[in-house]
Amino acid sequence: MDTMQDRVEPLNRLLRGELSAVETYEQAMESVRTQDCARELERIHVEHQEAVGMLREQIRQFGGIADEGSGAWGLWAQAVEGTATLFGESVALKALKEGEEHGLKEYQAIMNDPTLRPEFKQLLTERLHLRQKEHIDTLTRCISTLH
């Protein structure tokens with residue numbers, strides 16, 4: 000039998016991804032020197048912080064307990080980004096883009112969950128999923144300005 004925590008696990012998986020993104024962008028912002036890209040990274044960082052808040056609220060509304068940390072995915076993402084920043088802006092931005100693409104796949108998978116509450120599906124469709132796509136487009140533009 001499913002427990003409440005089992006039902007919110009997909010949301011906690013998204014939350015861990017967003018927490019990881021917050022941590023990773025904090026790390027990447029220190030290495031990106033191109034002013035326009037640095038501003039975009041700050042904006043994306045804030046949007047990931049907002050997503051953390053929205054997901055935590057949804058989990059609470061479902062009666063679940065929101066995860067506090069990013070878990071193993073966060074450690075891996077930070078290690079990848081940390082290594083990428085050593086090789087310059089372009090590599091760091093490409094690592095961020097790969098993380099955003101992974102996040103987009105996570106959102107798409109959860110959006111297909113038939114047990115998802117309609118109001119949360121709407122939040123996913125109208126805000127969080129769209130932001131992921133916008134982040135990918137923004138990072139693609141930043142990468143192209145460096146070449």
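Each residue of the sequence shown is one higher than the last, beginning at 0 in numbering that gives the first Met the number 0.
Note that the Cβ used here is the ideal one computed from N, Cα and C, for glycine as well.
This one's a predicted model, so the numbers in the text were calculated from it and none came from an experiment.
For the ligand ZN, I want to know if residue i counts as a neighbour, meaning its beta carbon is within less than 8 Å of at least one of the ligand's heavy atoms.
{"i": "VAL31", "result": "The ligand ZN is absent from the structure shown, which contains no ligands of any kind."}
What residue range is occupied by the uninterrupted alpha helix (DSSP H) comprising residue i?
{"i": "SER89", "result": "88 to 110"}
{"i": "GLU56", "result": "34 to 60"}
{"i": "PRO210", "result": "The structure shown has nothing for residue 210, since the chain only spans 0 to 146."}
{"i": "ASP136", "result": "128 to 144"}
For residue i, which residues of its own chain have a beta-carbon under 6 Å away from its beta-carbon, when the five flanking residues on both sides are left out?
{"i": "HIS134", "result": "ILE43, GLU99"}
{"i": "VAL7", "result": "ILE58, PHE61, GLY63"}
{"i": "ALA50", "result": "GLU17, LEU127"}
Taking its Cβ as the centre, do 16 or more other Cβ atoms sit within 10 Å of residue i, making it buried, or is it exposed?
{"i": "THR144", "result": "exposed"}
{"i": "LEU129", "result": "exposed"}
{"i": "GLY87", "result": "exposed"}
{"i": "GLU105", "result": "buried"}
{"i": "GLN121", "result": "exposed"}
{"i": "ALA20", "result": "buried"}
{"i": "ARG55", "result": "buried"}
{"i": "GLY102", "result": "buried"}
Using the C-alpha atoms, what's the distance from residue j back to residue i?
{"i": "LEU115", "j": "GLU97", "result": "26 Å"}
{"i": "CYS141", "j": "ASN11", "result": "30 Å"}
{"i": "GLY68", "j": "THR23", "result": "13 Å"}
{"i": "VAL90", "j": "GLN26", "result": "13 Å"}
{"i": "LEU95", "j": "PRO117", "result": "30 Å"}
{"i": "THR124", "j": "THR137", "result": "19 Å"}
{"i": "LEU14", "j": "MET110", "result": "14 Å"}
{"i": "LYS93", "j": "ASP5", "result": "34 Å"}
{"i": "ALA108", "j": "PRO9", "result": "9 Å"}
If I measure Cβ to Cβ from residue i and keep anything under 8 Å in the same chain, skipping five residues before and after, which residues do I get?
{"i": "MET28", "result": "ALA37, LEU40, GLU41, HIS44"}
{"i": "GLU46", "result": "ARG130, HIS134"}
{"i": "ASP35", "result": "CYS141, THR144"}
Quick one: residues in its chain with C-beta nearer than 7 Å to the C-beta of residue i, no 5 flanking neighbours on either side, listed in chain order?
{"i": "PHE119", "result": "GLN57"}
I want to see whether chain C comes within less than 9 Å of residue i, judged by CB atoms only; does it?
{"i": "ASP35", "result": "No chain C appears in this structure, which consists of one protein chain only."}
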